[in-house]
Amino acid sequence: MKIYVVYDSEGDHTKALAEAIAAGAGETEHAEVFIDHVKDADIRKLDQMDAIIWGCPGHFGTISSGLKTWIDRLGYLWAEGKLIDKVGAVFCTTATTHGGLEMTMHNLITPMFHQGMLVVGLPGNVPENALYGSYYGAGVTCPIDSDEVISTEGIELGKALGRRVASVTASFKR
1 MKIYVVYDSE GDHTKALAEA IAAGAGETEH AEVFIDHVKD ADIRKLDQMD
51 AIIWGCPGHF GTISSGLKTW IDRLGYLWAE GKLIDKVGAV FCTTATTHGG
101 LEMTMHNLIT PMFHQGMLVV GLPGNVPENA LYGSYYGAGV TCPIDSDEVI
151 STEGIELGKA LGRRVASVTA SFKR
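Position one of the sequence shown corresponds to residue 1 (the UniProt record's numbering), numbered consecutively onward.
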């Protein structure tokens, strides 16, 4: 099963979360995980994937311009129905508490629904989701005054989302 993680990152916080998600997905047997910064992400690969996870830093509750521009190029895939029934998930980072994590994830999910994708979030029974997560995906606050690029809890949350996407995708492949 092929899983593609696409991210935009401006200060390495979102990159670190994307890498954690890819690592979590890679823990699943038969998972082949690809990860690209949006500048290098090839939209022609998407129809070959079983699952697509994309994310970015939140910009006042909206998608970063880099990822938004990339998503806007997916129109031909929509017109041809190439992403229908692919598993999808989202993630984002912000610098402050209440910095728009959930709003950004809503905005990231919307194009997936338009594409006909099956969106996977993190349910409440995922231990990593209890204190640091969101039902919509992996959202992590990365304070700008922190010495860490991303917290240990953020890494674990990312891995949990990757594992969940891989598990759900594998169940559809059976």
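All residues carry an ideal CB built from backbone N, CA and C; glycine is no exception.
Model, not experiment: these values are computed from the prediction.
Judged by DSSP in its simplified three-state form, histidine 59 adopts strand. Per the coordinates, the alpha-carbon of glutamate 27 lies some 16 Å from the alpha-carbon of leucine 17. Inter-residue distance for isoleucine 155 and tryptophan 78 is about 32 Å (C-alpha atoms, whole angstroms). Within the same chain, Cβ atoms closer than 7 Å to the Cβ of alanine 23 are found at Lys159, Gly162, the five residues on either side in sequence being excluded.
Exposed is the label assigned to asparagine 125, since fewer than 16 other Cβ atoms lie within 10 Å of its Cβ. Annotation: the region 62-133 contains the following complete segments of the beta strand (DSSP E) (minimum length 3 residues), in chain order: 87-94.
If you check the CB distance, tyrosine 4 and lysine 45 come in under 8 Å. A direct Cα-to-Cα measurement between leucine 74 and threonine 169 gives close to 21 Å. Under the three-state reduction of DSSP, valine 165 is assigned to helix. Following the DSSP letters along the chain, one finds histidine 30 in no beta strand (DSSP E), marked with neither H nor E. The three-state reading of DSSP puts isoleucine 53 in strand, counting E and B together. DSSP places lysine 15 in the helix class (H, G or I) of the three-state scheme.
The C-beta distance from aspartate 85 to leucine 108 rounds to 19 Å, too long to fall under 8 Å, and the pair is not in contact. DSSP places alanine 41 in the coil class of the three-state scheme, outside both helix and strand. Separation of the CB atoms of threonine 110 and cysteine 92 is rounded to 13 Å, and the pair is thereby denied contact status at 8 Å. In this chain, the beta strand (DSSP E) harbouring tyrosine 4 covers 2-7. Classified as buried, aspartate 8 has 16 or more neighbouring CB atoms from the shown chains inside 10 Å of its CB.
Each of Asp72, Gly61, Ile21, Asp12 was checked against the Cα of alanine 138, and the nearest Cα belongs to Ile21.
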